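For reference, each letter of the sequence shown is one residue, going 435 to 545 in this note's numbering. We put the CB at the ideal spot given by N, CA and C, even for glycine. Note that the structure is a prediction, hence the values are computed from the model and not measured. Here the structure is laid out as structure tokens; the discussion comes afterwards.
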Amino acid sequence: MSKNERLYGLTIKDIEKLQSIFKKYPQVNQVILYGSRAKGNYRPSSDIDLTLVGEIEWPDFQKIEIDLDDLLLPYQIDLSIMSHISNPELLKHIQRVGQPFYQQPNSSDTN
């Protein structure tokens with residue numbers, strides 16, 4: 435795949451940039467993409483809905499958000515921690531349409 439090809443409406447280059455941030459945080463076992471980009475009905479201006487799976491503390495979550503913001507990508511990123519989501523409908527949606535976006539090497543945690 436070339437860096438200009440697209441997956442979920444994102445260039446491979448942008449996906450690799452996002453994944454490079456998650457790789458810096460070993461407590462992030464997995465990242466799941468959900469929402470319109472996972473369903474395939476996104477628009478160019480659609481946000482990127484991502485939820486983190488792992489033992490992520492609030493200070494690390496804030497650092498991850500800052501690191502993602504520093505990438506200066508032309509997308510709004512809606513980031514959450516899966517274990518902190520209390521909305522049952524959102525959890526069902528993530529389970530139904532969620533796509534693996536990143537997996538920490540040597541991690542088998544999928545929830």
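* Return the Cβ separation of aspartate 483 and glycine 469 in integer angstroms, given the expectation that the two are a contact with Cβ distance under 8 angstroms. => Correct: roughly 3 angstroms between the Cβ atoms.
* Same chain, Cβ closer than 8 angstroms to glutamine 538, five either side skipped, listed in chain order -> Same-chain partners within the cutoff: Phe456, Lys457, Pro460, Val462, Asn463, Gln464, Gly488.
* Asked: Quick one: what's got a C-beta closer than 6 angstroms to isoleucine 511's C-beta in the same chain, skipping five residues either side?
  -> Excluding positions up to five away in sequence, the list reads Ile482, Leu502.
* Pick out whichever of Ile500, Glu491, Ile449 has its Cα sitting closest to the Cα of proline 467. => Proline is not the amino acid found at residue 467; the sequence shown has leucine there. Considering only alpha carbons, the answer is Ile449.
* Below 8 angstroms between beta carbons: does that hold for serine 480 and glycine 443? -> Cβ distance < 8 angstroms, so serine 480 and glycine 443 count as in contact.
* Who are the near neighbours of leucine 441 in its chain, counting only those whose CB is closer than 7 angstroms to its CB and skipping five residues on each side? -> Leaving aside the five residues that flank leucine 441 on each side, the residues in its chain whose CB is nearer than 7 angstroms to its CB run, in chain order, Ile449.
* With 16 other CB atoms within 10 Å as the buried threshold, where does leucine 506 fall? -> Within 10 angstroms of the beta-carbon of leucine 506 lie fewer than 16 other beta-carbons, which makes it exposed.
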